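2 protein chains.
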Amino acid sequence: MVRLPRYLRLLEDLDPSRDVVSSEELAEAAGANAANVRRDLSHIDFHGVRGIGYSVPELNVRIRQELGIADRQRVAIVGAGNLGRALANYGGLSKRGFDVIALYDTDVRKIGTKVGDVLIQDLEGLDGDCLSKSFEIAILAVPAVAAQQVAERLVEHGVHSILNFAPVRVNVPEKVSVRQVDLSMELQVLSYYGSRL
Amino acid sequence: MVRLPRYLRLLEDLDPSRDVVSSEELAEAAGANAANVRRDLSHIDFHGVRGIGYSVPELNVRIRQELGIADRQRVAIVGAGNLGRALANYGGLSKRGFDVIALYDTDVRKIGTKVGDVLIQDLEGLDGDCLSKSFEIAILAVPAVAAQQVAERLVEHGVHSILNFAPVRVNVPEKVSVRQVDLSMELQVLSYYGSRL
DNA sequence: TCGCCTTTGGGATTTCTTTCACAAGCTCAC
DNA sequence: GTGAGCTTGTGAAAGAAATCCCAAAGGCGA
């Protein structure tokens, strides 16, 4: 469910003294309707207490479970251009349970240097690394022309989730999930809503 | 409609000699069903030719109209951190009709320097600039704590569309449209789909 | 213990979206 | 001109999601 992360955020931002939260509050945070929230939660088989609300710590645990992020996840970023570097530096990832463990590029001038704590490595060395299954989630921040090729390579070596920033659709086997982030498309959609006041 | 930008992309990526495109092709590019595409297009009152398909240039124009990007749009980026700089450098924006005309920050060490062709300006100078209505779309790439304040300021001065990269929901008047891009949420959603094969 | 207050849970309904299926309509070859 | 071959356009069906609404149930104060 696409709203779970939003609930999770509210839970994390909540005053630590709060031990209960209502569907109403969750709804507002997620930009949804309270009935909607209740259905979402009952759908993941999480139940609250009538007259009171939902237990904050328990819901936190349950949602993380459901999202498959109960444990910290290891993530690799491919492409050490501006975007790749921005992502490697972005503190929010670590805060939300994602550790950037590697940053790959093909530019020999970049290889060996560091971005924050992360060493830039040669993309050619990827094969060995991946085989050891050190990560299963990858962020694709390479130029459009390279995206498909890199994606295939990642898949071949066990990555099953790709967050793709390259402005092309990558073709991968059914079992791999890809999420597309396309900035210009976001702006276009924004412009669409903006243009009709 | 959230699929229009995807159709638009296909149109732009298409071989220039092509002057006609079928709903089938559009569907594949957008990850949708052909009937779906036909309904979308008839919904924006665009019609094709039976037995042939849709006129590429006409569809291009019509979608841009619908998205409110018939003309180039002027965009300002607030925050010249890693992300802001990555965005300012990102060629895709210009290619898709968005011109980054300004980059704002508060760090005096950055002000006056350039990122690509764009000069970093003092955020304090924003007021004058905005009043002249030089842009109506802004990209928010500032730290979470500053987001709300900056957003209010932008709105006050005529911005009506905000693409927000800060990991907080900003509160703005009804008439302003905000689109949230949250990388860790994307990863969480990805993880969710990934965890259920 | 009783009853009021609050908030959940979920049946029923509405609304929105997707998909199916096929008639209608256009082009082109002959 | 005529028929074959595509591809659109859209009514109808199916499916998914959102919302309404109220009974059920827990807590808390008296």
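Going down the list, the sequences are from chains A and B. In short: position in the first sequence from 1, add 3, done, that's this note's numbering. In short: position in the second sequence from 1, add 3, done, that's this note's numbering. Positions of the beta carbon are idealized from the N, C-alpha and C atoms, including for glycine. In this text the structure is predicted, and so the values were computed from the model without any measurement.
Note down, in chain order, every chain A residue with its Cβ under 7 Å from the Cβ of residue i.
{"i": "residue 76 (chain B)", "result": "194"}
{"i": "residue 92 (chain B)", "result": "85"}
{"i": "residue 182 (chain B)", "result": "189, 192 and 193"}
So residue i packs on residue j, CB below 8 Å; how close in whole Å?
{"i": "residue 118 (chain A)", "j": "residue 85 (chain A)", "result": "The pair is not a contact, with the Cβ atoms about 11 Å apart (cut-off 8 Å)."}
{"i": "residue 101 (chain A)", "j": "residue 190 (chain B)", "result": "6 Å"}
{"i": "residue 141 (chain A)", "j": "residue 169 (chain A)", "result": "About 12 Å; that fails the 8 Å criterion."}
{"i": "residue 71 (chain B)", "j": "residue 194 (chain A)", "result": "5 Å"}
{"i": "residue 83 (chain B)", "j": "residue 113 (chain B)", "result": "5 Å"}
{"i": "residue 184 (chain A)", "j": "residue 52 (chain B)", "result": "That pair is no contact at about 35 Å."}
{"i": "residue 37 (chain B)", "j": "residue 26 (chain B)", "result": "4 Å"}
For residue i, go through chain A and note every residue whose CB falls closer than 8 Å to its CB, in chain order.
{"i": "residue 101 (chain B)", "result": "187 and 190"}
{"i": "residue 170 (chain B)", "result": "12 and 95"}
{"i": "residue 89 (chain B)", "result": "84, 85, 86, 88 and 89"}
{"i": "residue 137 (chain B)", "result": "What residue 137 (chain B) touches in chain A: nothing, since even the nearest Cβ is about 16 Å away."}
For the beta strand (DSSP E) that residue i lies in, which residues bound it at each end?
{"i": "residue 157 (chain A)", "result": "Careful: residue 157 (chain A) lies outside any beta strand (DSSP E), inside the alpha helix (DSSP H) at 147-159."}
{"i": "residue 107 (chain A)", "result": "101-108"}
{"i": "residue 174 (chain A)", "result": "Per DSSP, residue 174 (chain A) belongs to no beta strand (DSSP E) and is neither H nor E."}
{"i": "residue 140 (chain A)", "result": "140-143"}
{"i": "residue 79 (chain A)", "result": "76-81"}
{"i": "residue 67 (chain B)", "result": "No beta strand (DSSP E) holds residue 67 (chain B); the alpha helix (DSSP H) holding it covers 59-70."}
{"i": "residue 180 (chain B)", "result": "180-183"}
{"i": "residue 122 (chain B)", "result": "121-125"}
Along chain A, which residues have their Cβ under 9 Å away from the Cβ of residue i?
{"i": "residue 140 (chain B)", "result": "190, 193, 194 and 197"}
{"i": "residue 164 (chain B)", "result": "190, 193, 194, 196, 197 and 198"}
Thinking just about the alpha-carbon of each residue, which of the options is nearest to the one in residue i?
{"i": "residue 33 (chain B)", "options": "B:69, B:128 and B:5", "result": "B:5"}
{"i": "residue 69 (chain A)", "options": "A:172, A:10, A:195 and A:144", "result": "A:10"}
{"i": "residue 164 (chain B)", "options": "B:106, B:80, B:97 and B:198", "result": "B:80"}
{"i": "residue 171 (chain A)", "options": "A:39, A:154, A:162 and A:160", "result": "A:154"}
{"i": "residue 57 (chain A)", "options": "A:13, A:77, A:113 and A:182", "result": "A:13"}
{"i": "residue 192 (chain B)", "options": "A:99, A:174, A:128 and A:138", "result": "A:99"}
{"i": "residue 144 (chain B)", "options": "A:158, A:95, A:139 and A:63", "result": "A:95"}
{"i": "residue 177 (chain A)", "options": "A:162, A:188, A:187 and A:184", "result": "A:162"}
{"i": "residue 159 (chain B)", "options": "B:182, B:186, B:166 and B:129", "result": "B:129"}
{"i": "residue 65 (chain B)", "options": "B:38, B:27 and B:47", "result": "B:47"}
{"i": "residue 22 (chain A)", "options": "A:63, A:157, A:45 and A:182", "result": "A:63"}
{"i": "residue 18 (chain A)", "options": "A:60, A:115, A:51 and A:156", "result": "A:60"}
{"i": "residue 139 (chain A)", "options": "B:78, B:198, B:41 and B:15", "result": "B:198"}
{"i": "residue 166 (chain B)", "options": "A:111, A:166 and A:186", "result": "A:186"}
{"i": "residue 137 (chain A)", "options": "A:15, A:147, A:67 and A:103", "result": "A:103"}
{"i": "residue 127 (chain B)", "options": "B:73, B:147 and B:156", "result": "B:156"}
{"i": "residue 188 (chain A)", "options": "B:115, B:97, B:175 and B:111", "result": "B:97"}
{"i": "residue 43 (chain B)", "options": "B:180, B:147, B:175 and B:8", "result": "B:8"}
{"i": "residue 87 (chain A)", "options": "A:179, A:24 and A:146", "result": "A:146"}
Which residues of chain B have a Cβ atom closer than 8 Å to the Cβ of residue i, listed in chain order?
{"i": "residue 15 (chain A)", "result": "Those do not exist, as residue 15 (chain A) stays about 10 Å from chain B at its closest Cβ, beyond 8 Å."}
{"i": "residue 72 (chain A)", "result": "191 and 194"}
Residue range of the alpha helix (DSSP H) that residue i falls in?
{"i": "residue 41 (chain A)", "result": "37-46"}
{"i": "residue 194 (chain B)", "result": "186-198"}
{"i": "residue 16 (chain A)", "result": "7-16"}
{"i": "residue 164 (chain A)", "result": "No alpha helix (DSSP H) holds residue 164 (chain A); the beta strand (DSSP E) holding it covers 164-167."}
{"i": "residue 98 (chain B)", "result": "94-98"}
{"i": "residue 26 (chain A)", "result": "26-33"}
Note down, in chain order, every chain B residue with its Cβ under 7 Å from the Cβ of residue i.
{"i": "residue 23 (chain A)", "result": "Per Cβ cutoff of 7 Å: no residues; residue 23 (chain A) is ~21 Å from chain B at best."}
{"i": "residue 5 (chain A)", "result": "192"}
{"i": "residue 8 (chain A)", "result": "188, 191 and 192"}
For a contact defined as C-beta to C-beta under 9 Å, what are the partners of residue i on chain B?
{"i": "residue 69 (chain A)", "result": "195 and 198"}
> Pairing CB atoms from the segment 103-112 of chain B with CB atoms from the segment 120-130 of chain B, are three or more of them under 8 Å?
Replying inline: yes
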